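Visitor: Residue numbers (the UniProt record's numbering), protein chains in the order written: chain A, 1 to 411; chain B, 1 to 411.
Glycine included, C-beta positions come from ideal geometry on N, C-alpha and C.
From a predicted model like this one, the values you see are computed outputs, not experimental measurements.
2 protein chains.
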Amino acid sequence: MTTADLLCAARAVKPAAAALSTAEKNRLLEAMAQALLDHADNILAANAADVEAARGVIAPVMIDRLSLSPARVESMAEGMRAVAALPDPVGELLSETARSNGLVIRKVRVPMGVIAIIYESRPNVTADAAALCLKSGNVCVLRGGKESIRSNTAVVAALRAGLEHCGAPGTLVNLVEDTSRASAAHLMEARGFVDLLIPRGGKGLIRACVDSAKVPCIETGTGICHIYVDAAADLQKALDIVYNAKTSRPSVCNAAEVCLVHRDVAEAFLPALAARLAGKQVELRLCPRAAAVIPGTPAGPEDFDTEFLDYILAVKVVDSVQDAAAHIAAHSTGHSEAIVTEDAAAADAFCAAVDSAAVYVNASTRFTDGGEFGLGCEMGISTQKLGARGPMGLAELTSYKYIIRGNGQVR
Amino acid sequence: MTTADLLCAARAVKPAAAALSTAEKNRLLEAMAQALLDHADNILAANAADVEAARGVIAPVMIDRLSLSPARVESMAEGMRAVAALPDPVGELLSETARSNGLVIRKVRVPMGVIAIIYESRPNVTADAAALCLKSGNVCVLRGGKESIRSNTAVVAALRAGLEHCGAPGTLVNLVEDTSRASAAHLMEARGFVDLLIPRGGKGLIRACVDSAKVPCIETGTGICHIYVDAAADLQKALDIVYNAKTSRPSVCNAAEVCLVHRDVAEAFLPALAARLAGKQVELRLCPRAAAVIPGTPAGPEDFDTEFLDYILAVKVVDSVQDAAAHIAAHSTGHSEAIVTEDAAAADAFCAAVDSAAVYVNASTRFTDGGEFGLGCEMGISTQKLGARGPMGLAELTSYKYIIRGNGQVR
Chain A
1 MTTADLLCAA RAVKPAAAAL STAEKNRLLE AMAQALLDHA DNILAANAAD VEAARGVIAP
61 VMIDRLSLSP ARVESMAEGM RAVAALPDPV GELLSETARS NGLVIRKVRV PMGVIAIIYE
121 SRPNVTADAA ALCLKSGNVC VLRGGKESIR SNTAVVAALR AGLEHCGAPG TLVNLVEDTS
181 RASAAHLMEA RGFVDLLIPR GGKGLIRACV DSAKVPCIET GTGICHIYVD AAADLQKALD
241 IVYNAKTSRP SVCNAAEVCL VHRDVAEAFL PALAARLAGK QVELRLCPRA AAVIPGTPAG
301 PEDFDTEFLD YILAVKVVDS VQDAAAHIAA HSTGHSEAIV TEDAAAADAF CAAVDSAAVY
361 VNASTRFTDG GEFGLGCEMG ISTQKLGARG PMGLAELTSY KYIIRGNGQV R
Chain B
1 MTTADLLCAA RAVKPAAAAL STAEKNRLLE AMAQALLDHA DNILAANAAD VEAARGVIAP
61 VMIDRLSLSP ARVESMAEGM RAVAALPDPV GELLSETARS NGLVIRKVRV PMGVIAIIYE
121 SRPNVTADAA ALCLKSGNVC VLRGGKESIR SNTAVVAALR AGLEHCGAPG TLVNLVEDTS
181 RASAAHLMEA RGFVDLLIPR GGKGLIRACV DSAKVPCIET GTGICHIYVD AAADLQKALD
241 IVYNAKTSRP SVCNAAEVCL VHRDVAEAFL PALAARLAGK QVELRLCPRA AAVIPGTPAG
301 PEDFDTEFLD YILAVKVVDS VQDAAAHIAA HSTGHSEAIV TEDAAAADAF CAAVDSAAVY
361 VNASTRFTDG GEFGLGCEMG ISTQKLGARG PMGLAELTSY KYIIRGNGQV R
């Protein structure tokens, strides 16, 4: 099926998706989860072929992301059941106003419509995204990376078998077969067909979407996250937080890339930080003032604008909370930033001045996550301000409309 | 000042705008309102020069929109005071969650940042937009049409005098001096400088923004609005509603352009409709089934996809609520649609099936308006689903961020 035909089919099923009751959606999710288990052999065989073809072509860490096992298929099925257990956002009454002319204006949550997701090589995203879109009343159009096309095809075949087993249209879940750049470009320009485009992937993909998309788009997942160690920081907490935010999982978007240190605590804190991070062989890229205190690589100007996703931390000495906030405003991607301080006024000033999706006081940036925020799931982390911001759960995949009831009112 | 320099100045003042207290913003709005009155002579002289230059160049209706009078300047000042009286959306606590790990997660409303507005020749928009942006903690970048540049320059000079009289930076309100297409294109592409672009104007402008914008953008104000007269309609209500929606102000986006009539009431309703609209010389463009009942112009295919903004109504006979909803899905701009019916099931089916910003039961589409919705003001009517939808008041000019407080939590 061509991408154009697929988009027509997706658009045609929008009213049916929006009209599904909560019970029907949960029944479909259960059937899709069961179908994943029933089709596990097919899925694993397709995945083995993908892995075989990708070996030597993509990096070992990417092979790991691509690889499925029986346990991973089970976990995909469990994920779908977990989404079934979440509250249904569709139909939620957001506000109600009775006007003096007798009109009653209700603001009600509705699905976005067709959500297209462009992602890379993790086949579990296919099942996750399908579940989140279905539960939020949306039709999904999935466009994964070419390395995972066999796996994704098998996963979507299973999901559609589950849907059709319940008498629901398979076109509620759609996979773009063409994994060339042309199909991604097609989705970005499909006005009238794609109501929301969510790119999930590296900086290049996000950039291409933002530059080229003519459909509404949510930027996700680039995180140059900062931790600012204030003059009034508890330095032990600061060490624990920076260590956790840098080293617990360096490849993810909520990992810290930059540590800003108030000049008053630089001499006490930096040697302890260097010692703590040495255990994980973290490379420090130091501003001149930090380099005067501890050894490390001199930071180049690009080091404060780089998402390392690696055991590298840029370090800069600053003069004040305001100085830290100004550095963040100039260099952050708007994802997550933290202050470590025991001074309530400094904490308040930081929270007010820093305009990122998540601003922490005395906690690790690693908590920016749908599950950790209590959303129960996550489609990605939005770093933009229009539409959803921060972790995107089910509600963040919806819009709203006004329903106004009268008895003949004219103006 | 070049547009690039202006955008730098606007971005630089963002933190100051976001940090203004409610009382400070209200004091500034009051000072700006007073300054408009104090500078009324300058503003009226500049406007007279604009009108003089535009006469014979633009249509009389546009001349009327461009023209200011002492009463109109007073009404601009009153509008600013009305905005001062509205609740401040910034800082509103949208949700609060205490997690079992001790983190407290607060979702708080924040300004968008720099809002750029591209509009046409009405100088009152300059004052309105400046007031709405300031009250919502945003910095505005105003780019009006070339016909009104003298008026806009005088209005912004007055507003800045008001700001500076209070010791606030004049750069909270910015006017783009260059009214060429190049400056509009510059705003559309100013990533990192413009946080939200709102085009207010005709289809061509909206289209250009949607096609070219690399900054987040909200489409506004194109309305192909439908009124569906159901089989179970009270025909007197239907006549009143269609008459009001078509003729009370045909040039606005919430005016009706299309009437859909259920076949069962076509013979009873259409002659009465033709008679009622004849009083306003409304031209009817009829589908073949409607043309079999009443005289009128045969509708061409484009007549069901045209925002006439004139005394013209396209009329089509349909077979059911579902048929009406399908026509609307295929032809509407997603602004406002209405059903006239006494049948609760038909009303519910219509409200569920029609995915437009405002869906009415037994009321005129003309109510889609910030004031009529109780928002107290309006920046425009969004016809998109990402971000604000429908009438945009102060809250619709904001985003949110998460502020998370802990005591050393790591993950």
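Please work out which residues of its chain come closer than 7 Å, Cβ to Cβ, to Ala49/A, disregarding the five sequence neighbours upstream and downstream, and give them in chain order.
Guide: The count along the first sequence starts at 1 and reaches residue 49/A at position 49. The residues are Arg150.
Visitor: Check whether the region 392 to 401 of chain A and the region 367 to 375 of chain A touch, using three or more Cβ-Cβ pairs below 8 Å as the test.
Guide: Contact between the region 392 to 401 of chain A and the region 367 to 375 of chain A is present, because at least three Cβ pairs lie under 8 Å.
Visitor: Quick check: is the beta carbon of Tyr360/B nearer than 8 Å to any beta carbon in chain A?
Guide: Position 360 of the second sequence, counted from the first residue, corresponds to residue 360/B. For Tyr360/B, the answer is yes, since a Cβ of chain A falls inside 8 Å of its Cβ.
Visitor: Do Arg191/A and Tyr400/A come within 8 Å of each other at the CB atom, strictly closer than that value?
Guide: Along the first sequence, read from residue 1 onward, the residue named residue 400/A stands at position 400. Along the first sequence, read from residue 1 onward, the residue named residue 191/A stands at position 191. Taking 8 Å as the Cβ cut-off, Tyr400/A and Arg191/A do not qualify as a contacting pair.
Visitor: Give the residues of chain A in contact with Met112/B, contact being defined as C-beta atoms less than 9 Å apart.
Guide: Within the second sequence, residue 112/B is the residue found at index 112, counting from 1. By Cβ distance, chain A contributes Lys385, Leu386.
Visitor: Can you find the residues in the same chain that come closer than 8 Å, C-beta to C-beta, to Val61/A, ignoring five residues on each side of it along the sequence?
Guide: Counted from its first residue, the first sequence places residue 61/A at position 61. Ser251.
Visitor: Distance check for Pro301/B and Ile381/A, CA to CA, integer angstroms please.
Guide: Locating residue 381/A in the first sequence gives position 381, where the first residue counts as 1. Locating residue 301/B in the second sequence gives position 301, where the first residue counts as 1. Their Cα atoms are separated by approximately 44 Å.
Visitor: According to a CB-to-CB cut-off of less than 7 Å, which residues of the region 144 to 161 of chain A neighbour chain B?
Guide: Residues: none.
Visitor: So what does Glu96/A bridge to, in DSSP terms?
Guide: Sequence index remark: in the first sequence, residue 96/A carries index 96 (1-based). For Glu96/A, which the question treats as bridged, DSSP gives the partners Arg106/A.
Visitor: State the Cα-Cα distance for the pair Ala256/B and Ile224/B, rounded to the nearest angstrom.
Guide: Position 256 of the second sequence holds residue 256/B. Position 224 of the second sequence holds residue 224/B. One C-alpha to the other measures close to 7 Å.
Visitor: Can you say whether Met1/B is buried or exposed, counting buried as having 16 or more other CB atoms within 10 angstroms of its CB?
Guide: Here residue 1/B refers to the residue found at position 1 of the second sequence. The residue is exposed, with fewer than 16 neighbouring Cβ atoms inside 10 Å.
Visitor: For Gln322/B, count neighbouring C-beta atoms within 10 Å of its own C-beta (all shown protein chains included) and say buried if the count is 16 or more, exposed if not.
Guide: Along the second sequence, read from residue 1 onward, the residue named residue 322/B stands at position 322. Burial call: exposed.
Visitor: Any beta-carbon of chain A closer than 8 Å to the one on Leu103/B?
Guide: Along the second sequence, one-based indexing puts residue 103/B at 103. Yes, Leu103/B lies at the interface with chain A (some Cβ there is under 8 Å from its Cβ).
Visitor: What residue range is occupied by the uninterrupted alpha helix (DSSP H) comprising His335/B?
Guide: Counted from its first residue, the second sequence places residue 335/B at position 335. Per DSSP, His335/B belongs to no alpha helix (DSSP H) and is neither H nor E.
Visitor: Per DSSP, Arg405/A forms a beta bridge with which residues?
Guide: For this step, residue 405/A is matched to residue 405 along the first sequence. Answer by DSSP bridge pairing, in chain order: Val104/A, Val361/B.
Visitor: Determine the contact status of Ala131/B and Leu37/B, defining contact as a CB-CB distance below 8 Å.
Guide: Numbered from 1 along the second sequence, position 131 holds the residue referred to as residue 131/B. Numbered from 1 along the second sequence, position 37 holds the residue referred to as residue 37/B. Cβ atoms of Ala131/B and Leu37/B: not closer than 8 Å.
Visitor: Cα-Cα, which of Met112/B, Ala157/B, Ala154/B is closest to Val139/B?
Guide: Counting from one through the second sequence, the residue named residue 139/B turns up at place 139. Checked all of Met112/B, Ala157/B, Ala154/B; the closest Cα to Val139/B is Met112/B.
Visitor: Round the Cβ separation of Thr368/A and His335/A to the nearest angstrom and send it over; I've been treating them as touching at under 8 Å.
Guide: As a first step, residue 368/A must be located in the first sequence, where it is residue number 368. As a first step, residue 335/A must be located in the first sequence, where it is residue number 335. At roughly 7 Å, the Cβ-Cβ gap stays under 8 Å, so Thr368/A and His335/A are in contact.
Visitor: Interface residues of chain A around Tyr400/B at Cβ under 7 Å?
Guide: Residue mapping note: residue 400/B aligns to position 400 of the second sequence, counting from 1. Within 7 Å Cβ-Cβ: Arg389.
Visitor: Is Ser364/B close to chain A, meaning its C-beta is less than 8 Å from at least one C-beta of that chain?
Guide: The residue given as residue 364/B occupies position 364 in the second sequence. Output row for Ser364/B: interface = yes.
Visitor: Pull the bridge partners of Asn174/B from the DSSP assignment, please.
Guide: On the second sequence, position 174 is the one that residue 174/B refers to. According to DSSP, Asn174/B bridges with Val141/B.
Visitor: Taking Asp230/A as the query, report the chain B residues whose CB atoms sit under 8 Å from its CB, ordered along the chain.
Guide: Residue mapping note: residue 230/A aligns to position 230 of the first sequence, counting from 1. Going along chain B, no residue has its Cβ under 8 Å from Asp230/A, so there is no contact; the nearest lies around 14 Å.
Visitor: Below 7 Å on C-beta distance, what does Cys351/A contact in chain B?
Guide: Residue mapping note: residue 351/A aligns to position 351 of the first sequence, counting from 1. By Cβ distance, chain B contributes Ile403.
Visitor: Below 9 Å on C-beta distance, what does Ala19/B contact in chain A?
Guide: Within the second sequence, the letter at position 19 stands for residue 19/B. Per Cβ cutoff of 9 Å: Ala352, Ala353.
Visitor: Let me know the secondary structure DSSP gives Cys209/A once reduced to three states.
Guide: As a position in the first sequence, residue 209/A is number 209, starting the count at 1. DSSP places Cys209/A in helix when its eight states are reduced to three.
Visitor: Find the residues of chain A that neighbour Lys214/B, judging by a C-beta separation of less than 7 Å, and give them in chain order.
Guide: Walking along the second sequence from the start, residue 214/B turns up at place 214. Chain A residues near Lys214/B: Val210, Asp211.
Visitor: In angstroms, rounded to a whole number, what distance separates the CA positions of Val317/A and Ala325/A?
Guide: For the purposes of this step, residue 317/A is taken as the residue at position 317 of the first sequence. For the purposes of this step, residue 325/A is taken as the residue at position 325 of the first sequence. Distance between the alpha carbons of Val317/A and Ala325/A is about 13 Å.
Visitor: Name the chain A residues whose beta carbon is nearer than 7 Å to that of Ser356/B?
Guide: Along the second sequence, read from residue 1 onward, the residue named residue 356/B stands at position 356. Ordered by position in chain A, the residues that pass the 7 Å Cβ test against Ser356/B are Lys401.
Visitor: In the DSSP assignment, find the beta strand (DSSP E) that holds Lys316/A and state where it starts and stops.
Guide: By one-based count along the first sequence, residue 316/A stands at place 316. Here the beta strand (DSSP E) through Lys316/A covers 312 to 318.
Visitor: In the DSSP output, what is Ile118/B paired with across the bridge?
Guide: Numbered from 1 along the second sequence, position 118 holds the residue referred to as residue 118/B. Its beta-bridge partners are Arg143/B, Pro199/B.
Visitor: Who are the neighbours of Ile198/B on chain A, taking C-beta pairs under 8 Å?
Guide: Numbered from its first residue, the second sequence carries residue 198/B at position 198. Simply none; closest approach about 11 Å.
Visitor: With H, G and I counted as helix, E and B as strand and the rest as coil, what does DSSP make of Cys377/B?
Guide: Reading the second sequence from its first residue, position 377 is the one you call residue 377/B. If DSSP states are grouped into helix, strand and coil, Cys377/B belongs with coil.
Visitor: Nearest by alpha-carbon distance to Ala352/A: which of Ala18/A, Ile339/A, Ser364/A is it?
Guide: Position 352 of the first sequence, counted from the first residue, corresponds to residue 352/A. Residue Ile339/A is the option with its Cα nearest to Ala352/A.
Visitor: Can you give the Cα-Cα distance for Gly91/A and Ser21/A, rounded to whole angstroms?
Guide: Start at 1 with the first residue of the first sequence, and residue 91/A comes out as number 91. Start at 1 with the first residue of the first sequence, and residue 21/A comes out as number 21. Whole-angstrom Cα-Cα distance: 10 Å.
Visitor: Would you mind telling me which residues of chain A sit closer than 7 Å to Asp240/B, beta carbon to beta carbon, in chain order?
Guide: Position 240 of the second sequence holds residue 240/B. In chain order: Gly408, Val410.
Visitor: Output needed for Val176/B: all residues of its chain with C-beta closer than 6 Å, excluding positions within five of it in sequence on either side, in chain order.
Guide: The sequence position of residue 176/B within the second sequence is 176, counting from 1. Closer than 6 Å at the Cβ level, and outside the excluded window around Val176/B, lie Thr3, Arg143, Ser183.
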